[in-house]
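*Asks:*
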């Protein structure tokens, strides 16, 4: 009978080859064939150039774009993570107040209004690609103004990008910010190309419909 | 709590429960050497592996000493392999980002953590580990540590089994281990991984992609063999993430469906093991009582956690955040949570993760409300709300042996469990297994809080800071691996102490339980009489639960008062008189 240590050593090597190398490499091979797009990071390409991953938040600034959630890691995918501030933390209170103040300064109509929870809280991964529909509709107001696009059109765009919970139950309704902004960049082009006389009137109607939405969400 | 939240909890439990029953019977068949549907394909594979290991080594029956020795030797060797691979990472292949080897403290902590099914991580995966390390030093022990816990439980079940014809023998460690891998872990992972990839989890040998953002700006996006690691991370109740953000990261857990799959993967085998127990000891009624008590604890925990997170906190109300769900937003405490999961899927996931001692998180526990965070802490302190691979049901049985002993003393009957007399030796071993847990949690926590090198790692102050340290050692002792991640654990002090606590928490209790099993297996079965205390009744189930609550809760209540309970009061006291919106 062989020594127990020799048996354990053989056993360790065999399981290492089987589970540590064999299994992952076989899976990589299978998935590269079955789902090449997802297996390589769900990348979005525009004219052959990678502009990002559908699943990874990227930074947007200024009123012409929809913004994702605040990130504790500045949306840097090489160091995912959260603020990890406790529920009583003064620093958490300061962060929330500062983000809120900045939004209110840019959009005075938000003063005194409660904001959707995902708008000023930072996410778990720091790379959350989604925002809530309420957040997107709220942002649609100033994005429409900055881009000079009828609000109704942007609201319809947001509506088309809402992904419901799985089976209508599991998880949360959400809007992918990168996909929405990509669609937005295309709206801008076609819009400018065929801008007509109907602009002021549609804009007016759009603004009124926003007020209606605010009442229900307040 | 919303109706949708209630339904999400109920359906998750029903599906997991429904899967666990056939799976439990299947596992029992595998370990009683009965026929299963995979035999025609897998028997030749097993035979080949047995031959490579050595036929004599896989043929013999082992007593508890032999079983424990084989378990320890293989675990020590696997730990060494991991330590060496991590230290030498810089010289090994598949390192596209040229990461250097880990320092000895971190390599020790990581090896100890992964070999014991803990998966506590003092490193950030995407900026520390090469793709080779993620496969050969992380995915590898995820399989073996799960299998180790699993076979120990199976051996213990054999010891309690009434018709042991094998005397003091508990089976063959290597044979059991190979069968866990080939009959359960590998087949399930092979099937589940492509589903996770379909949902969006990457699986590639490319290390990084550079993206030029829509509004300018460059993003470096790390990729790798993520999805295959995710499958075993949850099925094996391991919990170590590929990325720092763990299952909150969109690549590890891209959609609500992937979240549900990962939740169910964590739940099914520990639940199934209770069914397996009932079948192996031929007492389905007892298994039902155990299953019921554990399920009751889990349901309570889920409702408290989801309720607390959905209720939010006065601090968030004060910050002008909507706290009620509806109208296209989720309300509640969204700090450190992801939009696609919302409040409910986040709280369910983290609660399940600490009940089943997986330790994976899809939302950051450090930012949970005091009540929500305390649910996770208490579950790890009890360490038997189904619990991790194998060890959870062992801990539960350990409490059961206490309950039999105490109840026996109270009503004046001979304490017997499954036809075996519980005597001094059994109670001493069970007490030792029980006492290890509070000792290795409370003493290092107190020491860390008294020492400057312990306190300097805190990410939050006050009672939340205490909770961070307490959580770290509880998580290590329970081999869970989740964290109040504000604590910086990557210091020599925490790397070493947490590493040691992890090793003690794992092997001390396993060895005591195997010794207990060996002692019970050697006893002749006594036939049931009117004087026997019945253990398979609802009444005894209630007593069992009371024993767990009284022994477990009283041990830790003082420190809970100083940590999360103090925080509940402080949170509401501080903001009770605060003003309105700015």
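Chains as they are written, first to last, in this note's numbering: chain A, 1 to 218; chain B, 1 to 582. We put the beta carbon where it would ideally sit given N, CA and C, even for glycine.
Note down, in chain order, every chain A residue with its Cβ under 8 Å from the Cβ of residue 169 of chain B.
*Replies:* Taking the second chain and counting its residues from 1, one reaches residue 169 of chain B at position 169. Chain A residues near residue 169 of chain B: none, gap ~16 Å exceeds 8 Å.
*Asks:* Thinking C-alpha only, which one of B:57, B:44, B:46 is nearest residue 6 of chain A?
*Replies:* Along the first chain, read from residue 1 onward, the residue named residue 6 of chain A stands at position 6. Of the listed residues, the one whose Cα sits closest to residue 6 of chain A is B:57.
*Asks:* At a Cβ threshold of 9 Å, is residue 189 of chain B touching chain A?
*Replies:* As a first step, residue 189 of chain B is located in the second chain; it is residue number 189 there, counting from the start. Residue 189 of chain B counts as touching chain A.
*Asks:* Measure from the C-beta of residue 109 of chain A to each C-beta in chain B and report whether the shortest distance is under 9 Å.
*Replies:* Within the first chain, numbered from 1, the residue matching residue 109 of chain A stands at position 109. Closer than 9 Å: no.
*Asks:* In the DSSP assignment, find the unbroken alpha helix (DSSP H) run with residue 97 of chain B in it and report its ends.
*Replies:* Start at 1 with the first residue of the second chain, and residue 97 of chain B comes out as number 97. Residue 97 of chain B -> no alpha helix (DSSP H), and no H or E assigned at all.
*Asks:* Under 9 Å Cβ-Cβ, which residues of chain B neighbour residue 180 of chain A?
*Replies:* Residue numbering aside, residue 180 of chain A sits at position 180 when the first chain is read from its first letter. Neighbours of residue 180 of chain A on chain B: none; closest Cβ ~11 Å, over 9 Å.
*Asks:* Rank B:209, B:11, B:161, B:333 by C-alpha distance to the C-alpha of residue 314 of chain B and give the top, closest one.
*Replies:* One-based indexing of the second chain puts residue 314 of chain B at position 314. That would be B:333, whose Cα lies nearest to the Cα of residue 314 of chain B.
*Asks:* Can you tell me whether residue 211 of chain B is helix, strand or coil according to DSSP?
*Replies:* Here the question's residue 211 of chain B lines up with position 211 in the second chain. Reduced to three states, the DSSP call for residue 211 of chain B is strand.
*Asks:* Taking beta-carbon pairs under 9 Å, can you tell me which members of the stretch 39-61 of chain A lie near chain B?
*Replies:* Under the 9 Å Cβ criterion, the stretch 39-61 of chain A contributes 39, 40, 41, 42, 43, 44, 46, 49, 50, 51, 52, 53, 54, 55, 56, 57, 58, 59, 60, 61.
*Asks:* Taking residue 36 of chain B and residue 30 of chain B to be in contact with their CB atoms under 8 Å, please state how far apart those CB atoms are, rounded to whole angstroms.
*Replies:* Numbered from its first residue, the second chain carries residue 36 of chain B at position 36. Numbered from its first residue, the second chain carries residue 30 of chain B at position 30. Confirmed, about 6 Å.
*Asks:* Residue 443 of chain B by DSSP, collapsed to three states: which one?
*Replies:* Residue mapping note: residue 443 of chain B aligns to position 443 of the second chain, counting from 1. Helix at residue 443 of chain B.
*Asks:* How close, in whole Å, do the beta carbons of residue 83 of chain A and residue 367 of chain B come, if the pair is a contact with beta carbons under 8 Å?
*Replies:* As a first step, residue 83 of chain A is located in the first chain; it is residue number 83 there, counting from the start. As a first step, residue 367 of chain B is located in the second chain; it is residue number 367 there, counting from the start. At roughly 7 Å, the Cβ-Cβ gap stays under 8 Å, so residue 83 of chain A and residue 367 of chain B are in contact.
*Asks:* If I measure Cβ to Cβ from residue 391 of chain B and keep anything under 6 Å in the same chain, skipping five residues before and after, which residues do I get?
*Replies:* The residue you call residue 391 of chain B lines up with position 391 of the second chain. Excluding residues within five positions, the ones whose Cβ falls inside 6 Å are 149.
*Asks:* Please list, in chain order, the chain B residues whose beta carbon lies closer than 7 Å to that of residue 10 of chain A.
*Replies:* Here residue 10 of chain A refers to the residue found at position 10 of the first chain. Going along chain B in sequence order, the residues near residue 10 of chain A (Cβ under 7 Å) are 52, 53, 54.
*Asks:* Reducing DSSP to helix, strand and coil, say where residue 562 of chain B ends up.
*Replies:* For this step, residue 562 of chain B is matched to residue 562 along the second chain. Residue state, collapsed to three classes: helix.
*Asks:* Taking residue 139 of chain A and residue 67 of chain A to be in contact with their CB atoms under 8 Å, please state how far apart those CB atoms are, rounded to whole angstroms.
*Replies:* Residue mapping note: residue 139 of chain A aligns to position 139 of the first chain, counting from 1. Residue mapping note: residue 67 of chain A aligns to position 67 of the first chain, counting from 1. Rounded, the Cβ-Cβ distance is 7 Å, consistent with contact.
*Asks:* Compare the C-beta of residue 262 of chain B with all C-beta atoms of chain A and state if any pair is closer than 9 Å.
*Replies:* The residue given as residue 262 of chain B occupies position 262 in the second chain. False, the Cβ-Cβ gap to chain A never drops below 9 Å.
*Asks:* If contact means a Cβ-Cβ distance below 8 Å, which residues of the stretch 5-22 of chain B contact chain A?
*Replies:* Within the stretch 5-22 of chain B, the residues whose Cβ lies closer than 8 Å to some Cβ of chain A are 7, 8, 11, listed in chain order.
*Asks:* When you compare each of B:547, B:74, B:490 to residue 3 of chain A by their alpha carbons, which one comes out closest?
*Replies:* Start at 1 with the first residue of the first chain, and residue 3 of chain A comes out as number 3. Taking only the C-alpha atoms, the option nearest residue 3 of chain A is B:74.
*Asks:* Any idea what DSSP makes of residue 63 of chain B, helix, strand or coil?
*Replies:* On the second chain, residue 63 of chain B is found 63 positions in, with the first residue counted as 1. In the structure shown, residue 63 of chain B sits in a strand (DSSP, three-state: E or B).
*Asks:* Quick one: is residue 200 of chain B near chain A, going by C-beta distance under 9 Å?
*Replies:* Here residue 200 of chain B refers to the residue found at position 200 of the second chain. With 9 Å as the cut-off, residue 200 of chain B counts as an interface residue toward chain A.
*Asks:* Measure the alpha-carbon distance for residue 23 of chain B versus residue 284 of chain B and round it to whole angstroms.
*Replies:* Counted from its first residue, the second chain places residue 23 of chain B at position 23. Counted from its first residue, the second chain places residue 284 of chain B at position 284. Distance between the alpha carbons of residue 23 of chain B and residue 284 of chain B: 15 Å.
*Asks:* If you measure from the beta carbon of residue 128 of chain A to each beta carbon in chain B, is any gap under 9 Å?
*Replies:* The count along the first chain starts at 1 and reaches residue 128 of chain A at position 128. Output row for residue 128 of chain A: interface = yes.
*Asks:* Below 9 Å between beta carbons: does that hold for residue 321 of chain B and residue 121 of chain A?
*Replies:* Sequence index remark: in the second chain, residue 321 of chain B carries index 321 (1-based). Sequence index remark: in the first chain, residue 121 of chain A carries index 121 (1-based). In contact: residue 321 of chain B and residue 121 of chain A (Cβ atoms closer than 9 Å).
*Asks:* Ignoring anything shorter than 4 residues or poking outside the stretch 193-266 of chain B, list the alpha helix (DSSP H) runs there in chain order.
*Replies:* Runs found: 226-235.
*Asks:* Would you call the stretch 372-386 of chain B in contact with the stretch 552-561 of chain B, where contact means no fewer than 3 C-beta pairs closer than 8 Å?
*Replies:* Cβ pair count under 8 Å is three or more, so yes.
*Asks:* Below 8 Å, can you find three or more Cβ-Cβ pairs linking the stretch 100-119 of chain B to the stretch 59-71 of chain B?
*Replies:* Too few Cβ pairs lie closer than 8 Å, so no.
*Asks:* Strictly under 9 Å for the Cβ-Cβ distance: is residue 146 of chain A near chain B by that measure?
*Replies:* As a working mapping, residue 146 of chain A is identified with position 146 in the first chain. Chain B, which has no Cβ nearer than 9 Å to the Cβ of residue 146 of chain A, makes this no.
*Asks:* Does residue 181 of chain B pass the burial test, meaning 16 or more other C-beta atoms within 10 Å, or should it be called exposed?
*Replies:* By 1-based counting over the second chain, the position of residue 181 of chain B is 181. Flag for residue 181 of chain B reads buried.
*Asks:* In chain B, which residues lie less than 8 Å from residue 32 of chain A when you measure between Cβ atoms?
*Replies:* Residue 32 of chain A sits at position 32 when you count from the first residue of the first chain. Residues of chain B passing the Cβ test: 203, 204.
*Asks:* What does DSSP give as the partner residues of residue 53 of chain A in its beta bridges?
*Replies:* Working through the first chain from its first residue, we reach residue 53 of chain A at position 53. BP columns for residue 53 of chain A point to A:43.
*Asks:* In angstroms with no decimal places, state the Cα-to-Cα distance between residue 2 of chain B and residue 176 of chain A.
*Replies:* Residue mapping note: residue 2 of chain B aligns to position 2 of the second chain, counting from 1. Residue mapping note: residue 176 of chain A aligns to position 176 of the first chain, counting from 1. Each residue's Cα considered, the two are about 25 Å apart.
*Asks:* Under 8 Å Cβ to Cβ from residue 221 of chain B, same chain only, skipping five residues before and after it: list those, please.
*Replies:* Residue numbering aside, residue 221 of chain B sits at position 221 when the second chain is read from its first letter. Here the set comprises 208, 209, 210, 211.
*Asks:* Is there a Cβ from chain D that is less than 9 Å from the Cβ of residue 415 of chain B?
*Replies:* The chain inventory of the structure shown lacks chain D, comprising the protein chains A and B.
*Asks:* Quick check: residue 421 of chain B and residue 273 of chain B, are their CB atoms within less than 9 Å of each other?
*Replies:* To locate residue 421 of chain B, count along the second chain from 1; it is residue 421. To locate residue 273 of chain B, count along the second chain from 1; it is residue 273. No, Cβ-Cβ distance for residue 421 of chain B and residue 273 of chain B is not below 9 Å.
*Asks:* Alpha carbons only, please: which of B:349, B:213, B:269, B:435 is nearest the one belonging to residue 50 of chain A?
*Replies:* As a working note, residue 50 of chain A is residue 50 in the first chain. Out of B:349, B:213, B:269, B:435, B:213 has the C-alpha closest to the C-alpha of residue 50 of chain A.
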